[in-house]
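**Q** Encoded as structure tokens, here's the structure I'll be asking about.
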Amino acid sequence: MKIQLMVGSESATTSISSRIGIPAGNRTQSRGGGSGGGSGRSGNSGGRGGFRGGARRGTSRGGGGGGRGGGSRGQKRALCCKMSVEFDTFIESNKRWFCHFDDDNYVNVPELVALLRSYNPLKDWYLGKPSIRQPLEIVSRHNKKSKVSFWFATGGAGFCLSRAIALRMVPMASGGKFISIGESIRLPDDVTIGYIVEHLLSTPLTVIERLHSHLEPNKSIKLKSIAKLFRLRHFGDSKTGSKSGRKSGHNQKSALDMKQELSAFQLKDEGNRYYLNHKYEDAINSYTRAIVRNPSVATFFTNRALCYLKLQQWEQSYQDCRRALEMEPNLMKGHFFLGQSLLEMDHFDDAIKHLQRAVDLAKEQKLNFGDELTYQLRVARKKRFNVCEEKRIKEEIELQTYLNTLIQLDKEQQLNKLKSEVQTNAITDEQTAEDLKQMIVSTTDQRTDELNAMFAELDVRRKKREVPDYLCGKISFEIMRDPVVTPSGITYDRKDIEEHLQRVGHFDPVTRTPLTVDQLTPNLAMKEVIDTFLMENEWANDY
């Protein structure tokens, strides 16, 4: 695992650089007073894989301003300058993760690395925890009369950026541009990161609960428990820690409760490691033990449900997803895994309902899963369509057989009636009787041929049940509902191209030329063609 871990103390950074390739010396420290000066104290910790740096903003012995909004403009600029250097150093490296922690923290590197292994650095991830209870609202840089809101991960808890999202930040954060944005919004470095990632790039913050571990004084947490935390804030002593805890308003947990909770999450992390190594049965065992320790965490159930999916144990996965959704009805992964289980159990309507709910929740919660969710939804709809097609074909064959049987029965009845009339001398002329017989046979054969020809024509039309490529979008490959054309002449479905512009970048995905939303023009001619096709082929709505 290659990560770049940034802290404020050079000695702390150097102490673990040999293990994970961490560049040192990207921050400066002041021992004296003045605005924004740090205490300069640093030292290696005795915790497993951990270290502590010197104190950061708001802890100056001199007279610097403290708090999120405190400090002079120069102090905020200094913080952004250091963050800018850290970011550029990461971009120039070959590391997969950019992790930043304020330098008054202990960081448990092995536990942090174990966490990052459960996330794909090639996808957009912004991991951390906010220090406020609601999104931060600030005045827009471009329109002073409007406001924008976003979450940000506080540096006091630490945050990590995947390489994928960091590369998307390059146009607005590299080469000193990060400093300019920080000055324009007049906020510190960690807030500026949140502004860029959450607001400008529309990538939501993924909250990592275990980054916060100051629910009780340090001395009340046993060493074994401390070794399982990702990050531990430095309080100085137990008295200071207790005071800080009271000010924060958090309810103190007993040491026994904390130990049980950490043990459950430790088992969950163990299960995650088994899962990444494709040891699904071992992972299920670890998740089950975690559930026994703490049965109130919905994530434990969804993690186990995913393992059951891998083992094709659909019923067990279904049951775990149900229990998870009982605890958290808006748990996106609960609906997603439940939909997959129902799909494999051939409950197509319910599967589509839960998969659609997962897609909607991902949009509401700004979760980026690429095409994974919509792909499963398309698979479910196509399977339902295919099952309906097979049922319809079977019914048509049965109907054709039944109608042919009726025609033959009618033929036999008419011939028997003719024979009876000849025997009773109702028809005495043999030629007339023969002509009537030939007419009955001819009429029956004609009706049979017409019936079979009609069903044969239906078979041909059924085989041609394909949506033309020109009616499908270039991104989702589904039938376009609101076609728009770009200056390059490429037609897209509006929702797909707008999502691309928002999440990926302002360029045409086919021609790679610059593109903005206001350049999209409704393709009315294509819209008319699509509407006509759907009117004549209603089956395409469920394709």
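Per the UniProt record's numbering, the very first residue in the sequence shown carries number 1; after that it's consecutive. Ideal Cβ positions, reconstructed from N, Cα and C, are used throughout, including at glycine.
Would you kindly work out how many angstroms separate the C-alpha atoms of residue 378 and residue 82, rounded to a whole number?
**A** Start at 1 with the first residue of the sequence shown, and residue 378 comes out as number 378. Start at 1 with the first residue of the sequence shown, and residue 82 comes out as number 82. Taking C-alpha positions only, residue 378 is separated from residue 82 by approximately 46 angstroms.
**Q** From what residue to what residue does the beta strand (DSSP E) around residue 517 run?
**A** To locate residue 517, count along the sequence shown from 1; it is residue 517. Here residue 517 belongs to no beta strand (DSSP E), and DSSP marks it neither H nor E.
**Q** Does the beta-carbon of residue 425 have 16 or more other beta-carbons within 10 angstroms, so that it is buried, or is it exposed?
**A** In the sequence shown, residue 425 corresponds to position 425, counting from 1. Exposed.
**Q** Output the distance between the C-alpha atoms of residue 411 and residue 418, rounded to the nearest integer angstrom.
**A** As a working note, residue 411 is residue 411 in the sequence shown. As a working note, residue 418 is residue 418 in the sequence shown. If I take the Cα positions, the gap works out to 11 angstroms.
**Q** By alpha-carbon positions, which one of 183, 117, 93, 401 ends up nearest to residue 79?
**A** On the sequence shown, residue 79 is found 79 positions in, with the first residue counted as 1. Nearest option by C-alpha distance: 183.
**Q** Measuring CB atoms only, is the region 181 to 197 touching the region 103 to 114, in the sense that at least three cross pairs come out at less than 8 angstroms?
**A** Taking one beta carbon from each stretch, the region 181 to 197 and the region 103 to 114 have fewer than 3 pairs nearer than 8 angstroms; the two do not touch.
**Q** DSSP state of residue 278, grouped into three classes?
**A** What you label residue 278 is simply residue 278 of the sequence shown in a count that begins at 1. In the structure shown, residue 278 sits in coil (DSSP, three-state: anything other than H, G, I, E or B).
**Q** So, helix, strand or coil for residue 529, using DSSP?
**A** Counted from its first residue, the sequence shown places residue 529 at position 529. Of the three classes helix, strand and coil, the one that applies to residue 529 here is helix, per DSSP.
**Q** Taking C-beta to C-beta, are residue 355 and residue 330 nearer than 7 angstroms?
**A** Within the sequence shown, residue 355 is the residue found at index 355, counting from 1. Within the sequence shown, residue 330 is the residue found at index 330, counting from 1. Cβ distance not < 7 angstroms, so residue 355 and residue 330 don't count as in contact.
**Q** Quick one: using the 10 Å Cβ neighbour count with 16 as the cut-off for buried, is residue 63 buried or exposed?
**A** Translated into positions along the sequence shown, residue 63 becomes position 63. At residue 63 the pLDDT is 34, less than 50, meaning the model places this residue with poor confidence and gives no usable figure here.
**Q** Mind checking residue 393: buried by the 16 CB within 10 Å criterion, or exposed?
**A** Walking along the sequence shown from the start, residue 393 turns up at place 393. With fewer than 16 other Cβ atoms within 10 Å, it is exposed.
**Q** What number of angstroms, rounded off, separates the C-alpha of residue 531 from the C-alpha of residue 199?
**A** Along the sequence shown, one-based indexing puts residue 531 at 531. Along the sequence shown, one-based indexing puts residue 199 at 199. Approximately 36 angstroms, taken between the alpha carbons.
**Q** Within 10 angstroms of the Cβ of residue 470, are there 16 or more other Cβ atoms? Answer buried if so, exposed if not.
**A** Here residue 470 corresponds to residue number 470 of the sequence shown, with the count starting at 1. Label assigned to residue 470: exposed.
**Q** Between the region 300 to 319 and the region 283 to 292, can you find at least three pairs of beta-carbon atoms closer than 8 angstroms?
**A** yes
**Q** Closest to residue 522 by C-alpha separation, out of 309, 504, 481, would be which residue?
**A** For the purposes of this step, residue 522 is taken as residue 522 along the sequence shown, with counting starting at 1. Residue 522 has its Cα closest to that of 481, out of 309, 504, 481.
**Q** With a 10 Å radius around its C-beta and 16 neighbouring C-beta atoms as the bar for buried, classify residue 142 as buried or exposed.
**A** Position 142 of the sequence shown holds residue 142. Its Cβ having fewer than 16 others within 10 Å, residue 142 is exposed.
**Q** Short check: CB of residue 305 to CB of residue 337, under 7 angstroms?
**A** The residue labelled residue 305 in the question sits at position 305 within the sequence shown. The residue labelled residue 337 in the question sits at position 337 within the sequence shown. Yes. Within cutoff.
**Q** What are the boundary residues of the alpha helix (DSSP H) that residue 421 is part of?
**A** Here the question's residue 421 lines up with position 421 in the sequence shown. 372 to 423 is the span of the alpha helix (DSSP H), which, as asked, contains residue 421.
**Q** Of the choices 175, 157, 205, whose alpha-carbon is the least far from that of residue 165?
**A** Along the sequence shown, one-based indexing puts residue 165 at 165. Of 175, 157, 205, the residue nearest in Cα terms is 205.
**Q** By Cβ distance, which residues of its chain are closer than 8 angstroms to residue 117, with the 5 residues on each side in sequence left out?
**A** Working through the sequence shown from its first residue, we reach residue 117 at position 117. Same-chain partners within the cutoff: 1, 272, 273, 276.
**Q** Assuming contact is defined by CB atoms lying nearer than 7 angstroms, are residue 491 and residue 526 in contact in what I supplied?
**A** Indexing the sequence shown from 1 puts residue 491 at position 491. Indexing the sequence shown from 1 puts residue 526 at position 526. In contact: residue 491 and residue 526 (Cβ atoms closer than 7 angstroms).
**Q** Using C-beta distances below 7 angstroms, list every residue in its chain close to residue 359, excluding the 5 sequence neighbours before and after it, in chain order.
**A** By one-based count along the sequence shown, residue 359 stands at place 359. So the qualifying residues of the chain are 373, 374, 377.
**Q** Mapping DSSP to helix, strand and coil, what is residue 535?
**A** As a position in the sequence shown, residue 535 is number 535, starting the count at 1. Residue 535 falls in the helix class under three-state DSSP.
**Q** May I ask you to report which of helix, strand or coil DSSP gives residue 136?
**A** For the purposes of this step, residue 136 is taken as residue 136 along the sequence shown, with counting starting at 1. Looking at residue 136 - three-state DSSP - the assignment turns out to be strand.
**Q** Note down, in chain order, each residue of its chain lying with its Cβ closer than 6 angstroms to the Cβ of residue 237, except the 5 sequence neighbours on either side.
**A** Residue 237 sits at position 237 when you count from the first residue of the sequence shown. Low confidence applies here, because residue 237 scores a pLDDT of 38, under 50, leaving its location unreliable; read the following figure in that light. Once the five neighbours on either side are set aside, residue 237 has no close Cβ partner at all.
**Q** Check whether the region 82 to 95 and the region 128 to 137 touch, using three or more Cβ-Cβ pairs below 8 angstroms as the test.
**A** Not touching, per the Cβ criterion.
**Q** Leaving out five residues on either side along the sequence, give the residues of the same chain with a beta carbon under 6 angstroms from the beta carbon of residue 316.
**A** Taking the sequence shown and counting its residues from 1, one reaches residue 316 at position 316. Contacts found: 308.
**Q** Below 6 angstroms CB to CB, which residues in the same chain sit around residue 334 once its five sequence neighbours on both sides are set aside?
**A** Counting from one through the sequence shown, the residue named residue 334 turns up at place 334. Excluding sequence neighbours, residue 334 sits near 302, 321, 324, 325.
**Q** Can you list, in chain order, the residues of its chain with a C-beta nearer than 7 angstroms to that of residue 487? Leave out the 5 residues immediately preceding and following it.
**A** Within the sequence shown, numbered from 1, the residue matching residue 487 stands at position 487. Only 519 meet the Cβ criterion.
**Q** Taking just the CA atoms, how far does residue 413 sit from residue 404?
**A** Against the sequence shown, residue 404 aligns to sequence position 404. Against the sequence shown, residue 413 aligns to sequence position 413. Cα to Cα, residue 404 sits roughly 14 angstroms from residue 413.
**Q** What do you get for residue 147, buried or exposed, if any count of 16 or more other CB atoms within 10 angstroms of its CB means buried?
**A** Mapped onto the sequence shown, residue 147 falls at position 147. Burial call: exposed.
**Q** Per DSSP, residue 483 forms a beta bridge with which residues?
**A** Locating residue 483 in the sequence shown gives position 483, where the first residue counts as 1. Bridge partners of residue 483: 493.
**Q** Here's a check: name, in chain order, each residue in its chain whose Cβ is nearer than 7 angstroms to the Cβ of residue 179, leaving out the five neighbours to either side.
**A** In the sequence shown, the residue the question calls residue 179 occupies position 179. Hits under 7 angstroms: 77, 80, 81, 84.
**Q** For the candidate residues 493, 409, 136, whose alpha-carbon lies nearest to that of residue 524?
**A** Taking the sequence shown and counting its residues from 1, one reaches residue 524 at position 524. Out of 493, 409, 136, 493 has the C-alpha closest to the C-alpha of residue 524.
**Q** From residue 445 to residue 388, what does the alpha carbon distance come to, in whole angstroms?
**A** Taking the sequence shown and counting its residues from 1, one reaches residue 445 at position 445. Taking the sequence shown and counting its residues from 1, one reaches residue 388 at position 388. The straight-line gap from Cα to Cα measures roughly 32 angstroms.
**Q** Rounded to whole angstroms, what is the Cα-Cα separation between residue 155 and residue 284?
**A** Here residue 155 corresponds to residue number 155 of the sequence shown, with the count starting at 1. Here residue 284 corresponds to residue number 284 of the sequence shown, with the count starting at 1. If you take the alpha carbons of residue 155 and residue 284, they lie about 34 angstroms apart.
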